[in-house]
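What follows is a set of notes on a single structure, which appears directly below.
Numbering (the numbering used here), first residue to last: 50 to 242.
Right under this line is the structure:
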């Protein structure tokens, strides 16, 4: 499981886009700082690959539109993740209603290493991660992606998802157990081939 979790970020982005003592937001700086996290999170949260770019644009449009209403009561990253979660939910709901849900293809991993075996293993791990995430209930996938893969604090996830902290911890426990069970089942199937 640790090998699959390594495809999240190694550190949280700096929260330097809010001016000191002010809640003014620089939309261009937010885009620059959060683009990759938003794009990756939307894909991991089940937005079909063909719609991730549109969903990413929707997130940043929402950030720009709501920037004047950001009061700084939460951290900027928490506020943005709340927008990401809601955007992903809307895209999943629309895809389900239209019965045009596409499987999210894992991103192509580019390695600076010319070692093809290493690149192939990384690609297989990413494909397995996406396969397992697709099998999880949306509520559990959200907390798993945000906390385990994006390394967000559970308290911040609960705030951004607008749920009770105890509910967030319960969902995280169930999500971890579910992910581990899915991974074990996949490994057991591989052994029996």
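Glycine is no exception: its CB is placed at the ideal position from the N, C-alpha and C atoms.
Suppose you measure from the CA of residue i to the CA of residue j; what does that come to, to the nearest Å?
i	j	result
residue 130	residue 78	16 Å
residue 28	residue 235	Because the chain spans 50 through 242 in this model, residue 28 falls outside it and cannot be assessed.
residue 94	residue 164	30 Å
residue 194	residue 90	7 Å
residue 226	residue 185	11 Å
residue 207	residue 201	10 Å
residue 85	residue 166	26 Å
residue 16	residue 76	This structure does not reach residue 16, given that the chain is present from 50 up to 242, and the question cannot be answered.
residue 121	residue 145	34 Å
residue 82	residue 168	27 Å
residue 199	residue 205	12 Å
Can you tell me whether residue i is buried or exposed, with buried defined as 16 or more other CB within 10 angstroms of its CB?
i	result
residue 92	buried
residue 99	exposed
residue 97	buried
residue 219	exposed
residue 222	exposed
residue 127	buried
residue 214	exposed
residue 141	buried
residue 182	buried
residue 71	For residue 71, the predicted structure reports a pLDDT of 46, less than 50, and the residue's modelled location is therefore unreliable. A value from the coordinates is still provided. With fewer than 16 other Cβ atoms within 10 Å, it is exposed.
Of the choices the options, whose alpha-carbon is the least far from that of residue i?
i	options	result
residue 133	209, 164, 231	209
residue 177	229, 195, 207	229
residue 113	80, 172, 104, 135	80
residue 103	117, 137, 122	137
residue 74	88, 84, 125	125
residue 123	182, 174, 211, 101	211
residue 232	144, 180, 120	180
residue 135	170, 216, 87	87
*With contact counted as at least three CB pairs below 8 Å, one residue from each stretch, are the region 182-196 and the region 105-121 in contact?*
no
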